[in-house]
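Right, one structure below, let's go through it.
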Amino acid sequence: MELINILLIALLLLLVRKLAWCLRWLWCYYHGRETPAPISFFPRRTGEAFEGHIRQARDDEED
């Protein structure tokens, strides 16, 4: 039961982090400032891995 609580707290913190980014994005957008770069749900993850999979799939289709 304690493990489930820890996992739920971690999930809640990740959601709060994403919510804070969304609110900041909206504030910048409505005030005419440059919007912040998108963030992933998990910290220290970029879209580079996903883009690599897309490139690999395109290369496989060409062959």
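Everything in the sequence shown is counted per my numbering, starting at 277 for the first residue and increasing by one. Glycine included, C-beta positions come from ideal geometry on N, C-alpha and C.
>> Short of 8 Å in beta carbon distance, which residues of its chain neighbour P312, apart from the five on each side in sequence? Order them along the chain.
In response: Same-chain partners within the cutoff: W297, R300, W301 and C304.
> Nearest to S316 by alpha carbon, out of L279, L291 and L284?
Replying inline: L291 is the residue among L279, L291 and L284 whose C-alpha sits nearest the C-alpha of S316.
> Span of the alpha helix (DSSP H) holding E278?
Replying inline: For E278, the enclosing alpha helix (DSSP H) has its first and last residue at E278 to Y306.
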